[in-house]
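Report on one structure; see the data block that follows.
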Amino acid sequence: GELEIAAKDLFEKKKLGRAGSTALLEEGLVGWELSYFVITNGSKWAALPVAQDHKRLLDGDLGPNTGGMGAVAPLRLEENLKSRIEKEIVQPTVDRLNLEGTVYRGVLFIGVMCTPDGPKVLEYNVRFGDPETQVLMPLLNGDWAQVFLEIAKGEVPDLNWRDVYSAVVVLAAEGYPDQPVKGAPISGDLLMSNKNSYVLSAGVRFDPREGWLTNGGRVLNSVGLGDSLEDALNNAYSNVEKISWPGIQYRKDIGSKQIK
52 GELEIAAKDL FEKKKLGRAG STALLEEGLV GWELSYFVIT NGSKWAALPV AQDHKRLLDG
112 DLGPNTGGMG AVAPLRLEEN LKSRIEKEIV QPTVDRLNLE GTVYRGVLFI GVMCTPDGPK
172 VLEYNVRFGD PETQVLMPLL NGDWAQVFLE IAKGEVPDLN WRDVYSAVVV LAAEGYPDQP
232 VKGAPISGDL LMSNKNSYVL SAGVRFDPRE GWLTNGGRVL NSVGLGDSLE DALNNAYSNV
292 EKISWPGIQY RKDIGSKQIK
């Protein structure tokens, strides 16, 4: 199974070198994932819209894990689940940081697995997520720079959110995630943009003679906004259809579980 393959990669093939000489076995959690973001001044905090990443490379959550092949926001959580995440995870985390004398000001990103036994922490990050950031940024009804400035000063600003949905579809290079192919010529307008959709560049480079070329694993992000999640996804995929390169990879089912 996956455990045996991972063990061989680490200990026989030395895939991670010395860094993979030891491994930690953790409890396997079964459920569905979400990304919970808060901004905090070290004692008080405010929640951002809940996002959901799509980690697997292929449709149907198949294939290898990646850095993320797409995301949607906001997820409309049941009030009980939201309350449990905040009371059982967020508040104790901030309280513990204070107890240890760590005055943390900034973004706290908590990967949560929603299990039959309730929400469980998968990971902490002291940064925004990728590709979750791409769907969170356009939802703020205000100025992110001002938000960050106030947090740096030790304040927690009032956050107002637009009543829209957002989605991002990641376009990846051939061979991603193991051995992404660089240098493939990209056809299409990377600068296409309107009020409901736009393209963000990631693993690209520009050659004066050849134009835009792939230069990394996750190459482009197509972002869509809409009054419904379905509209946001349609707007994101409308740009995807206008871009191509040899071996392009992207999922065609981003957000599908949320609109069923």
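Numbers 52 to 311, taken from the working numbering, label the letters of the sequence shown in order.
The C-beta atom is built at its ideal place from N, Cα and C for all residues, glycine as well.
Everything numeric in this text was worked out from a predicted model, so none of it was measured.
Neighbourhood of residue i by C-beta distance below 6 Å, restricted to the same chain and skipping five residues each side
i	result
residue 231	224, 268
residue 283	216, 217, 218, 275, 276, 277
residue 108	114, 115, 117
residue 244	none
Start-to-end residues for the alpha helix (DSSP H) that takes in residue i
i	result
residue 56	53-62
residue 195	195-203
residue 287	280-291
residue 252	No alpha helix (DSSP H) holds residue 252; the beta strand (DSSP E) holding it covers 248-252.
residue 143	142-150
residue 130	130-136
residue 173	No alpha helix (DSSP H) contains residue 173, which is instead part of the beta strand (DSSP E) from 169-176.
residue 232	Neither: residue 232 is in no alpha helix (DSSP H) and is coded neither H nor E.
Where the beta strand (DSSP E) containing residue i begins and where it ends
i	result
residue 89	83-91
residue 265	262-265
residue 307	It is not in any beta strand (DSSP E) - residue 307 carries neither H nor E in the DSSP assignment.
residue 220	216-223
residue 161	157-166
Cα-Cα separation, residue i to residue j
i	j	result
residue 139	residue 96	14 Å
residue 265	residue 228	14 Å
residue 65	residue 116	19 Å
residue 260	residue 63	44 Å
residue 234	residue 158	35 Å
residue 191	residue 203	18 Å
residue 208	residue 156	12 Å
residue 182	residue 165	20 Å
residue 61	residue 272	31 Å
residue 295	residue 239	7 Å
residue 175	residue 195	22 Å
residue 252	residue 197	25 Å
residue 85	residue 236	35 Å
residue 77	residue 258	46 Å
residue 287	residue 149	41 Å
Check whether residue i and residue j have beta carbons under 8 Å apart
i	j	result
residue 318	residue 302	Shown here, the chain extends from 52 to 311; a query on residue 318 therefore has no answer.
residue 163	residue 249	no
residue 199	residue 179	no
residue 222	residue 299	yes
residue 135	residue 170	yes
Cβ-Cβ separation, residue j to residue i (assumed contact under 8 Å), whole Å
i	j	result
residue 291	residue 220	5 Å
residue 123	residue 280	6 Å
residue 325	residue 212	With the chain covering only 52 through 311, there is no way to say anything about residue 325.
residue 94	residue 145	7 Å
Own chain, CB closer than 8 Å to residue i, minus 5 neighbours either side, in chain order
i	result
residue 309	103, 123, 126, 280
residue 111	304
Own chain residues within Cβ distance below 7 Å of residue i, not counting five before or after
i	result
residue 270	222, 223, 224, 253, 254, 255
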